[in-house]
Amino acid sequence: WVWNVGIADPFDNQKVMARFSLRDGAVATSGPAERGAHIFNPETGLPASSMDGGVSGPDAGGGADAVVSATVIADSLTMADVWATTAVVAGFNDLSWISHADTKSGLLVSKDNRTRRWAGAVELPDA
Numbered sequence: 295w296v297w298n299v300g301i302a303d304p305f306d307n308q309k310v311m312a313r314f315s316l317r318d319g320a321v322a323t324s325g326p327a328e329r330g331a332h333i334f335n336p337e338t339g340l341p342a343s344s345m346d347g348g349v350s351g352p353d354a355g356g357g358a359d360a361v362v363s364a365t366v367i368a369d370s371l372t373m374a375d376v377w378a379t380t381a382v383v384a385g386f387n388d389l390s391w392i393s394h395a396d397t398k399s400g401l402l403v404s405k406d407n408r409t410r411r412w413a414g415a416v417e418l419p420d421a
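Letter by letter, the sequence shown follows residues 295 to 421 in the numbering used here.
In structure tokens form, the structure reads like this:
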């Protein structure tokens with residue numbers, strides 16, 4: 295059995311920004327695009343997606359490092375969700391955590407619509 299998965303565009307949830315097929319594992323997406331500022335940086339106490347502490351989301355404040363969508367593929371749903379949330383807190387410019395994460399793949403979308411992808415612990419070039 296193969297699951298065909300679409301990742302919603304965080305700036306227009308009527309569009310699909312990426313597609314992939316998954317035979318084993320789980321996928322989780324985190325970020326403020328659907329639920330608003332619900333992830334907080336434990337070091338600052340501020341919403342992780344809004345570096346200035348304002349309203350978060352694709353149309354709101356926050357630095358260019360803010361992640362509006364983080365999708366992670368891992369062996370289990372728990373691990374995919376944990377690492378997707380970690381990616382939002384770490385920010386767009388910090389992928390140092392992927393070498394410890396044991397994820398299969400992932401996709402980050404920044405507040406200014408840049409993307410970063412990885413497979414295993416290796417960042418992939420822009421497509």
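Glycine included, every Cβ here is placed at the ideal spot set by N, Cα and C.
Local conformation of residue i per DSSP, three classes
i: L389; result: coil
i: R317; result: coil
i: D303; result: strand
i: D406; result: coil
i: A360; result: coil
Residue(s) in a DSSP beta bridge with residue i
i: T365; result: T323 and L401
i: W412; result: G400 and E417
i: N335; result: Answer is none; N335 lacks a bridge partner.
i: W295; result: In the DSSP output, where bridge partners are listed per residue, W295 has none listed.
i: A312; result: I301
Residue i vs residue j beta-carbon contact at 7 angstroms
i: S435; j: A378; result: Residue 435 is absent from the structure shown; the chain starts at 295 and stops at 421.
i: A250; j: A374; result: This structure does not reach residue 250, given that the chain is present from 295 up to 421, and the question cannot be answered.
i: A342; j: I333; result: yes
CA nearest to the CA of residue i, picked from the options
i: V362; options: L389, I392, A331 and W295; result: A331
i: L371; options: V383, F386, L418 and G319; result: G319
i: N335; options: I301, A384 and E417; result: A384
i: F305; options: D406, P419, E417 and A415; result: D406
i: D388; options: G339, P419, W297 and R410; result: R410
> Is it true that the segment 361-370 meets the segment 392-401, where meeting means three or more beta-carbon pairs spaced less than 8 angstroms apart?
Replying inline: yes
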